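Below: the structure, in structure tokens.
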Amino acid sequence: MTVSLEGKVALVTGAGSGIGRASALALAEAGAKVLVTDVKEDGGAETVAMIEQNGGEAAFLRVDVTQEADVEAMVRAAVDRWGRLDCAHNNAGIAERRVTMGEMTEEVWDRTIDINLKGVWLCMKHELHQMAQQDGGGVIVNTSSVVGLVGVRFQPAYVASKHGVVGLTKAAALEYARDNIRVNAVCPGPILTGALEWYMNEYPDVGQKLKDDNPSWRVGLPEEVARTVVWLCSDKSSYVTGHSLAVDGGVVAT
């Protein structure tokens with residue numbers, strides 16, 4: 001099945017590394033022009049260079065998704081450069097260190113919720129506004145997590161934020177379905193990003209357990225999530241909206 005996004009305009013937040021970078025590369029490979037955004041300018045510039053080396057078209061903009069002015073400027077930049085916004089992957093996020101709910105600080109809670117949940121809301125707010133006023137609507141994919149579908153110990157803010165992303169996804173899908181805008185979420189399991197490598201080194205027993213407890217006996221690759229994002233952004237998934245799709249090797253099936 002060939003998936004084409006030829007002529008489409010996409011943006012990806014948190015695209016300077018990991019899943020976001022893989023998503024930006026995959027969207028460009030499918031034919032989309034991609035606005036690469038991240039708070040880390042070096043990583044974002046590297047992603048753009050990789051897309052251009054592969055023959056794609058991309059641009060970088062530094063964006064802090066917790067700041068509405070940045071988010072509004074992000075959507076405007078895509079439209080000013082390419083005339084519209086067809087696809088958005090709201091992927092920027094962080095995870096806190098392992099801690100019990102009773103030991104978590106307010107500072108860590110606020111930062112996690114700000115980036116992971118408020119950031120997704122702000123992005124959707126401005127993306128939906130643009131997509132609703134243009135011909136053809138659009139598609140939004142939010143990055144949640146398998147812990148947006150099930151609970152896990154020692155990451156209370158992360159779990160709460162990712163459950164919140166699932167809820168926002170459903171609410172937006174219902175509100176904008178008749179505007180020809182589809183809104184879905186991907187819920188990755190353990191994916192071999194730099195963040196996971198750090199986590200597995202920091203907590204080696206937990207890292208090994210991630211592999212041992214996975215029905216597929218491995219962690220996933222960013223490219224496996226990226227291919228799912230491309231499919232959700234394409235017409236091949238034209239009747240899919242409000243859905244949170246686990247990309248996890250079978251974790252939530254157990």
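Under my numbering, the first residue of the sequence shown carries the number 1, and numbering increases by one thereafter. Backbone N, C-alpha and C define an ideal beta-carbon position, used for all residues, glycine too. Only a predicted model underlies this, so the values are computations on that prediction, with no experimental measurement involved.
How close, in whole Å, do the beta carbons of E96 and V108 come, if the pair is a contact with beta carbons under 8 angstroms?
By 1-based counting over the sequence shown, the position of residue 96 is 96. By 1-based counting over the sequence shown, the position of residue 108 is 108. Contact flag correct, Cβ pair sits at about 5 angstroms.
Measure from the alpha carbon of G138 to the alpha carbon of each residue in V166, T241, D86, then state which is nearest.
One-based indexing of the sequence shown puts residue 138 at position 138. It is D86 whose Cα lies nearest to the Cα of G138.
Measuring CA to CA, which of G93, V141, Y158, V146 is closest to V99?
Residue numbering aside, residue 99 sits at position 99 when the sequence shown is read from its first letter. Comparing Cα positions, the closest option is Y158.
Anyone know if the C-beta pair for V251 and V166 falls short of 8 angstroms?
Against the sequence shown, residue 251 aligns to sequence position 251. Against the sequence shown, residue 166 aligns to sequence position 166. Result no, Cβ atoms of V251 and V166 do not sit closer than 8 angstroms.
Give a yes or no on contact between the region 66-78 and the region 18-28, applying the rule of three or more CB pairs nearer than 8 angstroms.
No contact exists between the region 66-78 and the region 18-28.
Since T143 and G93 are thought to touch, with beta carbons under 8 angstroms apart, how far apart are those beta carbons, to the nearest angstrom?
Here residue 143 corresponds to residue number 143 of the sequence shown, with the count starting at 1. Here residue 93 corresponds to residue number 93 of the sequence shown, with the count starting at 1. Contact flag correct, Cβ pair sits at about 6 angstroms.
Check each candidate in Q208, V63, Y239 and name the one with the smallest Cα separation from I115.
Translated into positions along the sequence shown, residue 115 becomes position 115. Looking at the Cα atoms, V63 is the closest of the given residues.
From what residue to what residue does the beta strand (DSSP E) around I191 run?
For the purposes of this step, residue 191 is taken as residue 191 along the sequence shown, with counting starting at 1. Careful: I191 lies outside any beta strand (DSSP E) and carries neither H nor E.
May I have the straight-line CA-CA distance separating W231 from T254, to the nearest angstrom?
As a working note, residue 231 is residue 231 in the sequence shown. As a working note, residue 254 is residue 254 in the sequence shown. Computed Cα separation, rounded: 25 angstroms.
Tell me where the alpha helix (DSSP H) around V71 begins and ends.
Position 71 of the sequence shown holds residue 71. Segment 68-82, the alpha helix (DSSP H) holding V71.
What does the Cβ neighbour count give for M200, buried or exposed, with the cut at 16 atoms within 10 Å?
One-based indexing of the sequence shown puts residue 200 at position 200. The residue in question, M200, is buried, as its Cβ has 16 or more Cβ neighbours within 10 Å.
Quick one: any contact between the region 196-210 and the region 161-176, if contact means 3 or more CB pairs under 8 angstroms?
Output reads no: the region 161-176 does not touch the region 196-210.
Here's the rule: buried if 16 or more other CB atoms are within 10 angstroms of the residue's CB, otherwise exposed. What is N54?
Here residue 54 refers to the residue found at position 54 when the sequence shown is read from its first residue. N54 is exposed by the Cβ-count criterion.
Assign H129 to buried or exposed, taking buried as 16 or more other Cβ atoms, counted over all protein chains shown, within 10 Å of its Cβ.
By one-based count along the sequence shown, residue 129 stands at place 129. Exposed is the call here.
Apart from the five residues just before and just after H89, which ones in its own chain have a Cβ nearer than 6 angstroms to its Cβ?
The residue labelled residue 89 in the question sits at position 89 within the sequence shown. Within the same chain, H89 has close Cβ partners V12, S23, V141, V229.
Over the uninterrupted alpha helix (DSSP H) stretch that includes I113, give me the two end residues.
Mapped onto the sequence shown, residue 113 falls at position 113. Run containing I113: 106-113, per the alpha helix (DSSP H) assignment.
Beta carbon of A15, beta carbon of D38: below 8 angstroms?
Here residue 15 is taken as the residue at index 15 of the sequence shown, counted from 1. Here residue 38 is taken as the residue at index 38 of the sequence shown, counted from 1. Closer than 8 angstroms, so yes.
If you drop the 5 nearest sequence neighbours on each side, which residues of the same chain put their C-beta closer than 8 angstroms to that of L5?
Counted from its first residue, the sequence shown places residue 5 at position 5. Around L5: L27, A30, G31, A32, D86, C87, V230, C233, S234.
Taking the runs of the beta strand (DSSP E) that are 3 residues or longer, which of them lie wholly in the region 2-26?
Fully enclosed beta strand (DSSP E) runs of 3 or longer: 9-12.
To the nearest angstrom, report how far apart V247 and S238 are at their CA atoms.
As a working note, residue 247 is residue 247 in the sequence shown. As a working note, residue 238 is residue 238 in the sequence shown. Distance between the alpha carbons of V247 and S238 is about 19 angstroms.
Can you tell me whether R178 is helix, strand or coil according to DSSP?
In the sequence shown, residue 178 corresponds to position 178, counting from 1. Residue state, collapsed to three classes: helix.
Where does L85 sit, in a helix, a strand or coil, going by DSSP?
Locating residue 85 in the sequence shown gives position 85, counting from the first residue. Looking at L85 - three-state DSSP - the assignment turns out to be coil, as it is neither helix nor strand.
When you compare each of E175, Y203, S161, A226 to S17 by their alpha carbons, which one comes out closest?
Locating residue 17 in the sequence shown gives position 17, where the first residue counts as 1. Minimum Cα distance to S17 is reached at A226.
Tell me the residue span of the alpha helix (DSSP H) that contains V229.
Looking up residue 229 in the sequence shown gives position 229. Segment 222-233, the alpha helix (DSSP H) holding V229.
Less than 8 angstroms between the beta carbons of P188 and G220, yes or no?
Numbered from 1 along the sequence shown, position 188 holds the residue referred to as residue 188. Numbered from 1 along the sequence shown, position 220 holds the residue referred to as residue 220. Yes; because the gap between Cβ atoms is below 8 angstroms, this pair is in contact.
Could you check the C-alpha separation between L35 and R182 for me, to the nearest Å?
Taking the sequence shown and counting its residues from 1, one reaches residue 35 at position 35. Taking the sequence shown and counting its residues from 1, one reaches residue 182 at position 182. Each residue's Cα considered, the two are about 20 angstroms apart.
Return the chain-ordered list of same chain residues with a C-beta closer than 6 angstroms to the C-beta of R84, the five sequence neighbours on each side being excluded.
Walking along the sequence shown from the start, residue 84 turns up at place 84. Within the same chain, R84 has close Cβ partners V9, Q134.
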